[in-house]
Amino acid sequence: MQQHQNDPLEGIFSNALRRKRNIISNRDALRSDYVPEHLPFRTQQLTTIGQLLSPILSSSRPSNLLVYGKTGTGKTAVTRYVTSRLAAKCESSKIPASFVYCNTKMAGTEYRVLSELASGIGLKVPFTGLAVSEVLSRIQAYMKEKGLHTVLVMDEIDFLVRSFGDDLLYDLTSSSDKIAPGFLSLIGISNDLQFKEELGARVLSRLSEEELVFPPYSATELKTILVERAGLAFNSGAYNEEAINLCAALSGSEHGDARRAVDLLRIASEVAEREGAEQLEEKHVRIALQKIDQDRVSEALKTLPLHAKLVLLATMKAEDDSSLKASSGAVYERYCALCTKSGLDPLTTRRVSGLLTELDTLGLVSATVVNYGRYGRTKKITPQISHAVVEQALSSDDYLKHLIVS
DNA sequence: CCTCCACAGGAAGCGCAGGAGT
DNA sequence: ACTCCTGCGCTTCCTGTGGAGG
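Each number in this note's numbering corresponds to the 1-based position in the first sequence with 147 added.
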């Protein structure tokens, strides 16, 4: 019993015990891929997509559709909702239709996009080994044979086009005669409003038979959405309104991104639970915001290439040592010292200069060019993040551990 | 007015890894 | 299994630059 003070688990358990009720009752409702039953402020988009797809119920081909909107505006949720409802309707009316959802960025390659389409319509294809064109023609043959009506939703379609060009889209949109009496409709979802310009004219005219834009949510709309989600996810009375308002305000000020707002709400509620609080309050939201920022930074740090990390360490050391000037020359000196200490060959000044500008664009340091006249021209470099965060993030790296300690 | 510092940053090329075509 | 191609990280070489001090 007297070991409570030293036992980290005991604190957690007793906190959980002391709490009369949990804050969260349905954790899933706060996940970013959760599709709610009710989608506020999207009725217009909902009905448009519904109308567009409804011809499938009378066995004629719906037009292809392009959906635009920034991240977190509900594009994916609305499309998935409509297709799932329609799928249920087709099922109950015995109409042979399939709706396939594919995130092309997750899939990663043209081949895997096609194999998702294939498995979505019930056709087995090997994981690998076939040419892309072979998979495509198998799919077409299969659809022709079965007379399948298919709607393919391609999420983050801009990624597909940017990495592999629009050939696949061309093949898919122009295959109607090869698969008759079946047909294939495409719904492309893109975050990038300029995406259209990257498409060739031949694909563009076919793919964007219809277009739909999702505007960002306003702060008040975000609030309504959050209140609704909170109602689903939390036990009644386990949150106060100010906390929700703050969530909406903090994430709405940027681009009306509902996903970020919900993420913030989820993390805030986890903070509150860990604290053993009975209610989600504003302070938890503020902590969560900090945590998100910090996670973002330390994540960026971890994925940095080794030498970029060394350069970053060097800038911190240069700032410590010299009183004022962290010139690129000074940074390069510390950097070389760090390299010899860990038995690495240092890179050239040119490259380090490039790495510094990269760190600058990442927002990890700030680098501005200054002129000291006779005494040359250099970049003045100051770290933009605290030593503690850097050290914590880099201490997981075997190469760098001993450099930080010394 | 010229000089010259201490770099910035563009251009070109090199070696390597991984992916596609055969 | 092999070539070919491409992208990437890096180096080498280079020209450019604002202003303090002569």
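Using N, Cα and C, we set each Cβ at its ideal position, and we do this for glycine too.
Let me confirm a value: residue i is counted as buried when at least 16 other C-beta atoms fall within 10 Å, else exposed. Which label applies?
{"i": "G476", "result": "exposed"}
{"i": "Q287", "result": "buried"}
{"i": "T525", "result": "buried"}
{"i": "E263", "result": "buried"}
{"i": "H431", "result": "buried"}
{"i": "A390", "result": "buried"}
{"i": "T226", "result": "buried"}
{"i": "K271", "result": "exposed"}
{"i": "P273", "result": "exposed"}
{"i": "P328", "result": "exposed"}
{"i": "E157", "result": "exposed"}
{"i": "D467", "result": "exposed"}
{"i": "R492", "result": "It is worth fixing the name first, because residue 492 is Asp in this sequence and not Arg. D492 comes out exposed."}
{"i": "F160", "result": "exposed"}
{"i": "Q192", "result": "buried"}
{"i": "K464", "result": "buried"}
{"i": "L261", "result": "buried"}
{"i": "L550", "result": "buried"}
{"i": "D302", "result": "buried"}
{"i": "V537", "result": "buried"}
{"i": "S207", "result": "exposed"}
{"i": "M148", "result": "Here M148 scores only 44 on pLDDT, less than 50, and its place in the model should not be relied on; the value that follows carries that caveat. M148 comes out exposed."}
{"i": "R189", "result": "buried"}
{"i": "G510", "result": "exposed"}
{"i": "I532", "result": "buried"}
{"i": "D313", "result": "buried"}
Which residue marks the beginning of the beta strand (DSSP E) containing residue i, and which one marks its end?
{"i": "R299", "result": "The sequence given here places Leu at residue 299; Arg does not occur at that position. Taken as a continuous stretch (DSSP letters only), the beta strand (DSSP E) holding L299 covers H296 to D302."}
{"i": "E331", "result": "It is worth fixing the name first, because residue 331 is Leu in this sequence and not Glu. Per DSSP, L331 belongs to the beta strand (DSSP E) from F330 to S337."}
{"i": "T515", "result": "V512 to N518"}
{"i": "P530", "result": "R524 to P530"}
{"i": "L359", "result": "E357 to F361"}
Rounded to the nearest angstrom, how far is the Cβ of residue i from that of residue j, given a contact under 8 angstroms?
{"i": "K488", "j": "D544", "result": "No, K488 and D544 are not in contact; Cβ-Cβ is about 14 angstroms, not under 8 angstroms."}
{"i": "L315", "j": "L333", "result": "Not quite, the Cβ-Cβ distance comes to about 11 angstroms (not below 8 angstroms), so this is no contact."}
{"i": "Y215", "j": "V360", "result": "5 angstroms"}
{"i": "I268", "j": "L295", "result": "6 angstroms"}
{"i": "L347", "j": "L369", "result": "It should be pointed out that residue 347 corresponds to Gly in this sequence rather than to Leu. Incorrect: roughly 37 angstroms between the Cβ atoms, too far for contact."}
{"i": "A540", "j": "I528", "result": "In fact, because the Cβ distance is near 19 angstroms, the residues do not count as touching under 8 angstroms."}
{"i": "I171", "j": "E422", "result": "Between E422 and I171 the Cβ distance is about 13 angstroms, and since that is not below 8 angstroms, they are no contact."}
{"i": "Y228", "j": "V182", "result": "6 angstroms"}
{"i": "L199", "j": "E357", "result": "6 angstroms"}
{"i": "V572", "j": "I336", "result": "Absent from the model: residue 572. The displayed extent of the chain is 148 to 553, so no value can be given."}
{"i": "V512", "j": "T450", "result": "Rounded, the Cβ-Cβ distance is 16 angstroms, inconsistent with contact."}
{"i": "I585", "j": "T251", "result": "The question about residue 585 has no answer here: the residues shown for the chain are numbered 148 through 553."}
Which residues mark the beginning and the end of the alpha helix (DSSP H) in which residue i is found?
{"i": "S266", "result": "E257 to G267"}
{"i": "I372", "result": "A366 to A380"}
{"i": "V272", "result": "Run containing V272: none; DSSP gives neither H nor E here."}
{"i": "L351", "result": "A348 to L354"}
{"i": "Y317", "result": "D314 to T320"}
{"i": "T495", "result": "First-last for T495: undefined, no H or E at that position."}
{"i": "A288", "result": "V279 to K293"}
{"i": "I326", "result": "S323 to I326"}
{"i": "A535", "result": "H534 to L541"}
{"i": "K252", "result": "T251 to A254"}
Any heavy atom of the ligand FAD closer than 6 angstroms to the beta-carbon of residue i?
{"i": "T529", "result": "Here there are no bound small molecules, and the ligand FAD is not part of this structure."}
### Message
Would you call the region 356–364 in contact with the region 218–228, where contact means no fewer than 3 C-beta pairs closer than 8 angstroms?
### Response
They touch, by the three-pair rule.
### Query
Which runs of the beta strand (DSSP E), 3 residues or longer, sit entirely within the region 411–480?
If we require 3 residues or more, the region 411–480 turns out to have no beta strand (DSSP E) run fully inside it.
### Task
Within the region 167–236, note down every full alpha helix (DSSP H) run reaching 4 residues or more, in order along the chain.
Runs found: 190–200.
### Query
Per the contact definition of three or more C-beta pairs closer than 8 angstroms, is the region 434–451 in contact with the region 395–411?
Output reads yes: the region 434–451 touches the region 395–411.
### Message
With three or more C-beta pairs closer than 8 angstroms as the rule, is the region 490–500 touching the region 420–434?
### Response
Not touching, per the Cβ criterion.
### Message
Taking contact to mean 3 or more Cβ pairs, one atom from each stretch, closer than 8 angstroms, check whether the region 380–387 and the region 173–182 are in contact.
### Response
As far as the Cβ criterion goes, the region 380–387 touches the region 173–182, which means the pair count is three or higher.
### Query
Hey, is the region 443–458 in contact with the region 477–485, meaning 3+ C-beta pairs nearer than 8 angstroms?
Three or more Cβ pairs drawn from the region 443–458 and the region 477–485 lie within less than 8 angstroms of each other, which places the two stretches in contact.
#### Entry: Touch test, the region 227–237 against the region 278–286, Cβ-Cβ under 8 angstroms, three pairs minimum
No, because fewer than three Cβ pairs between the region 227–237 and the region 278–286 fall closer than 8 angstroms, the two stretches do not touch.
### Message
Any contact between the region 409–418 and the region 499–518? By contact I mean 3 or more CB pairs, one from each, below 8 angstroms.
### Response
Segments in contact, no.
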